[in-house]
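Each residue of the sequence shown is one higher than the last, beginning at 2 in my numbering.
Note that beta-carbon positions come from the ideal geometry of N, C-alpha and C, so glycine has one too.
Being a predicted model, the structure only gives us computed values, none of them experimental.
Just below is one structure, and these are the notes that go with it.
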Amino acid sequence: MFSEAIQKRLTELPMRPGVYLMKNAAGKIIYVGKAKVLAHRVRSYFDGKPKPGHRAAMLMLPYIHNIEWIVTNTEEEAFILEANLIRKHKPLYNVRLKDDKHYPYIAIDMRDPFPRLFLSRHASSRYRCFGPFPSSKAFRTLVDISARLFQMRECKLSFPLSKPQRPCLNYHIGRCLAPCAGLCTPEKYAENVNEMIRVLDGKRNDLLAKWTREMEEASLALDFETAAKKRDAIEALQATNTNQKADTTDTALKLDVVAVRRNGNLATAVIFEYRKGVISGRRHFQLECDQDQDEAEILCEMLPTWYENEEVIPNDIVISNAIPDEDRIQIEEELAEKTTHKVSITVPQRGDRVQFMKLALANAEMLLVEAKSEVKHFDEVEQSVFDLQRELGLAKTPFRIECVDISHLAGTHTVASLVAFKNGRPDKKNYRKFIIKTVSGVDDFASMREVMTRRIRRLEEENLPMPDLWVCDGGKGQVDATMQILKELGHDKDLPLIGLAKRLEEIVFPDDRKSIVLHRTSAALKLLQNARDEAHRFAITYQRSKRKEDLRVDWLNLPGIGDETRIKILSKYKSRSDFLNAPIEDIQDLFGKNRGLSIREKIENYIPDAELL
């Protein structure tokens, strides 16, 4: 039987790709592995089943005392990161990479007057290198694209040539500019090479815009052949994806990527260390912070403390949140005094560093979920919480979401439901039902005021935390009205509010921010829809149950008087005496002449059970 610590870690594994690290009692890494789905892969080690072909898995199990993991965006990134970590830590139960082979890079020798793409096992400063790529298929795809779209040569000829040669088949089928035959100038060829480099750098948007413009111009000029070629080139380019975030081709790079995520008084920080072009390590820790501290303030306090005892301080530190210039400059100067070089602290805006930061933030968010004791799983539903925070630009992660719905029947039997979602799932033990006591008739705004007042006052009295997000069912009018209620209750600053308008599933904000519409498959949108629909279902169910209870009055429990008739009577008359004292004309207006007289007679002849005794 495995220890409680291991069993707990197994319940916290994310349903995402990544790398897992098995550690012994001394905290030393003894095995590094990759996984398409971390939860499935790591749990398989502890399921008690034999592992044919993986003898090391059985041997190391008694020595595993802790498990850590690093999430990645794709399985390919996990492949690359695994190789880098094995090379660095040399775990006991991993196969040693004694030949020091590395995943291949795509290289271009810019000293060649007519460069071509070729494969390189190492990122070298002699070439422009891109990658790494976990399979040769990616390399072959890019070589094909370089020939089809940019007409770069595929041959291994060494330039300059002693004399021109006859063009090969690639020239005749439009895959090469035939520099070997002197049919292309170095300047023209270099222009195409530069465009290919932009593709490999991931800077494709400008090129796509250029080609789109050229396609439209050719179409207007009735040059449909050129337009079709540009269209095909655009489609081919859009199908490529050359970014790899677990490695970088800048071999001289010394970079730390620092990401912070906070919820309440708990925060997590992740530091990815990039050395010689690869991730050399990930460090992470928890922070306790005051409620008033935001993530930028946490960074200001954390950075000087973190690097105080560090032997290596990188040239560049990339952070997740912008900090005030005066604080940034002071920290840069303090760190520069501890080393022999200048230190730059920036927030990434474009390029590889944005991708590095996304990876670090994903890990920080995962660790924050782990740190919350009530969180047991990290799957697609829980991830929607972080997706929602990102889409709405919320300062706090919406671990707790509450949504209210008002329900009535023609102004009668008015009730309200409050549903709570915790970590992206319905928290049914915190569902609440309300009978509206202070409102008569149809007045949803007044009913909402009563519900919110009762709910917030109860949370204040019991010293319970406010929800991280309040969801209102409706558009701009309903949201502004709800915000007015929050202002009256003094919680317009600390309780984020949004509305979900049903017609377009539009997310509406109470301030001047423009409303947004998320993609229909968005996990964040589905979470909001679930909260809204669950509140509506809960309210309707409660309203119907209350209506049935109220309809069970003795003086209406008579043959020939059904639920619809009872509803009509009770919506206008609260008691038997009110009904019998009403003018007969009013009753006939409600039910018709003959039926009104018949109902009046039945109720008039009703004798309560107490009088029968």
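Where does T577 fall in DSSP's three states?
In the sequence as displayed, the identity of residue 577 is Arg instead of Thr. Three-state result, R577: helix.
Alpha carbon to alpha carbon, how far is R199 from Q166?
30 Å
Quick one: any contact between the region 323-334 and the region 354-364, if contact means 3 or more CB pairs under 8 Å?
no
Can you give me the C-alpha to C-alpha distance between I604 and F592, rounded to a whole angstrom?
14 Å
Rounded separation between Q390 and P15 - CA only:
Taking the straight line joining both Cα atoms gives about 19 Å.
How about Y94 and I109: do their beta carbons lie closer than 8 Å?
no
Anticipated Cβ contact below 8 Å, K9 with H66, distance rounded
About 13 Å separates the beta carbon of K9 from that of H66, a gap too long to meet the 8 Å contact definition.
F151 to R117, Cα distance in whole Å?
11 Å
8 Å Cβ shell around K189 - same chain, five flanking residues per side excluded
L178
Using the Cβ count rule (16 or more neighbours within 10 Å means buried), how would you classify V416?
buried
Measuring alpha carbon to alpha carbon, tell me which residue in R567, D388 and L86 is nearest T522.
D388
Whose C-beta lies closer than 7 Å to the C-beta of R284 among residues of the same chain, with five residues either side of it excluded?
I272
Take the Cβ of D564 as the centre, count every other Cβ of all protein chains shown within 10 Å, and call the residue buried at 16 or more, exposed below.
exposed
Segment limits, alpha helix (DSSP H) that includes V452:
D445 to E462
Please report the residue range of the beta strand (DSSP E) in which G19 lies.
Run containing G19: G19 to K24, per the beta strand (DSSP E) assignment.
Closer than 6 Å by C-beta to A524: which residues in its own chain qualify, once you throw out the five before and the five after it? Chain order, please.
S385 and D388
Just curious, the alpha helix (DSSP H) that A182 is in, first and last residue?
Unbroken run through A182: none, as it is neither H nor E.
Which residue's Cα is closest to the Cα of M467: I508, C404, K477 and N364?
C404
With the cut-off set at 8 Å, would you say I30 and L39 are in Cβ contact?
no
Using DSSP bridges, identify the partner residues of S121.
Y106
Classification of Q544 by the beta-carbon crowding that lies within 10 angstroms, buried from 16 upward:
Per the 10 Å Cβ criterion, buried.
Quick one, which of G500, D113, G183 and I146 has its alpha-carbon nearest R533's?
It is G500 whose Cα lies nearest to the Cα of R533.
The region 493-511 in contact with the region 469-485 per 3-pair CB rule at 8 Å:
yes
Could you pull the DSSP bridge partners for V319 from this structure?
V258 and T347
Give the C-beta separation of V319 and T340 to the nearest angstrom, bearing in mind that I take them to be a contact with Cβ-Cβ under 8 Å.
Not confirmed; about 17 Å, so no contact.
Please list the terminal residues of the continuous alpha helix (DSSP H) segment that includes I65.
Segment: none, I65 is in no alpha helix (DSSP H) and carries neither H nor E.
With DSSP collapsed to three states, give me the class of A421.
strand
Could you check where the beta strand (DSSP E) with D474 kicks off and where it finishes?
First-last of the beta strand (DSSP E) with D474: L470 to D474.
State the DSSP-derived secondary structure class of T243, mapped to helix, strand or coil.
A caution first: T243 carries a pLDDT of 45, below 50, which makes its placement in the model unreliable, though a value can still be read off. Coil.
So which of S408, E335 and P63 has the shortest CA-CA distance to W679?
The question about residue 679 has no answer, for the chain in this structure spans 2 to 614.
How long is the line joining the alpha carbons of R601 and N595, rounded to whole angstroms?
10 Å
Hey, quick one: how far does the beta strand (DSSP E) through A502 stretch, first residue to last?
L498 to A502
From what residue to what residue does the beta strand (DSSP E) around Y308 run?
Element bounds for Y308: not the beta strand (DSSP E) but the alpha helix (DSSP H), E296 to Y308.
Could you give the DSSP three-state label for H90: helix, strand or coil?
helix
Among S576, S448, K255 and L170, whose alpha-carbon lies nearest the alpha-carbon of S418?
S448
For L288, write down the residues that DSSP places opposite it in a beta bridge.
A268
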